[in-house]
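In our numbering, the protein residues as written are 21 to 177. Glycine is no exception: its CB is placed at the ideal position from the N, C-alpha and C atoms.
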Amino acid sequence: MRAVGLVVALAILVLVALASIGIGAKELSLEQVWHGLFDDTGTYGDVVVGERISRTLLGLLAGAAVGLAGAVLQALTRNPLADPGLLGIAGASAAVVTAITYVGVTSLTGYVWFAFVGAAAVGALVWFLGGSRGATPVRLAPAGTAISAALYGYSRP
Numbered sequence: 021m022r023a024v025g026l027v028v029a030l031a032i033l034v035l036v037a038l039a040s041i042g043i044g045a046k047e048l049s050l051e052q053v054w055h056g057l058f059d060d061t062g063t064y065g066d067v068v069v070g071e072r073i074s075r076t077l078l079g080l081l082a083g084a085a086v087g088l089a090g091a092v093l094q095a096l097t098r099n100p101l102a103d104p105g106l107l108g109i110a111g112a113s114a115a116v117v118t119a120i121t122y123v124g125v126t127s128l129t130g131y132v133w134f135a136f137v138g139a140a141a142v143g144a145l146v147w148f149l150g151g152s153r154g155a156t157p158v159r160l161a162p163a164g165t166a167i168s169a170a171l172y173g174y175s176r177p
């Protein structure tokens, strides 16, 4: 039964990916999409399909990365309901809000660096509060939830 579910999920994924290639601001017929996929002649439709393929592949890779990160987080905490807030990763958004408000950061690169530092700092704080000598999922969950709630209140108006 599990194999059937996997096959159905993969079939749906393939159909959605193909639909993503076919749908966009420029209307293309199914024939133009097919032509753009398998016969590269440099027409406008081929260029559009080429851009859409990149978008679709990037979306698939990003989705796979988010899914893998969630699975790793759930495995590490041994909690099937674990989310990034459990370990205080909400510190990333709080750090970006602080950087924009008080430091005046306006570049995307600045946002990324502040987010990384904020997530790492809050993750370390959660680890410390969860019992640095013997941090367990039972200790990490309340610490992470409390810190995430406080940071959520800080970073949201």
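For F134, which residues from the same chain have a beta carbon less than 7 angstroms from its beta carbon, with the 5 sequence-adjacent residues on both sides left out?
On the sequence shown, residue 134 is found 114 positions in, with the first residue counted as 1. Here the set comprises A115, V116, A119, V125.
Would you call the region 58-72 in contact with the region 90-110, where contact means no fewer than 3 C-beta pairs closer than 8 angstroms?
no
Helix or strand or just coil, what does DSSP make of V146?
What you label residue 146 is simply residue 126 of the sequence shown in a count that begins at 1. The answer is helix: DSSP assigns V146 an H, G or I state.
Mapping the DSSP letters down to three states, classify T76 as helix, strand or coil.
On the sequence shown, position 56 is the one that residue 76 refers to. Correct three-state label for T76: helix.
Contact check, S168 vs G87, beta carbons under 8 angstroms:
As a position in the sequence shown, residue 168 is number 148, starting the count at 1. As a position in the sequence shown, residue 87 is number 67, starting the count at 1. Against a cut-off of 8 angstroms, the Cβ pair of G87 and S168 comes out as no contact.
In chain order, what residues of the same chain lie with their CB nearer than 7 angstroms to the CB of A89, ignoring the 5 residues before and after it?
Residue numbering aside, residue 89 sits at position 69 when the sequence shown is read from its first letter. Taken in chain order, the list of residues that qualify is empty.
According to the Cβ coordinates, are K46 and V68 closer than 8 angstroms?
Here residue 46 is taken as the residue at index 26 of the sequence shown, counted from 1. Here residue 68 is taken as the residue at index 48 of the sequence shown, counted from 1. Closer than 8 angstroms, so yes.
Starting from the C-beta of P157, find all residues in its chain whose C-beta is less than 6 angstroms away, skip the five residues before and the five after it, and write them out in chain order.
Locating residue 157 in the sequence shown gives position 137, counting from the first residue. The residues are T97, R98, N99.
Do G143 and L184 count as a contact pair if the criterion is CB distance below 8 angstroms?
In the structure as shown, the chain begins at 21 and stops at 177. Residue 184 is therefore absent and cannot be evaluated.
Give a yes or no on whether the C-beta atoms belonging to L80 and A37 are separated by under 8 angstroms.
For the purposes of this step, residue 80 is identified with residue 60 of the sequence shown, where counting begins at 1. For the purposes of this step, residue 37 is identified with residue 17 of the sequence shown, where counting begins at 1. Yes; because the gap between Cβ atoms is below 8 angstroms, this pair is in contact.
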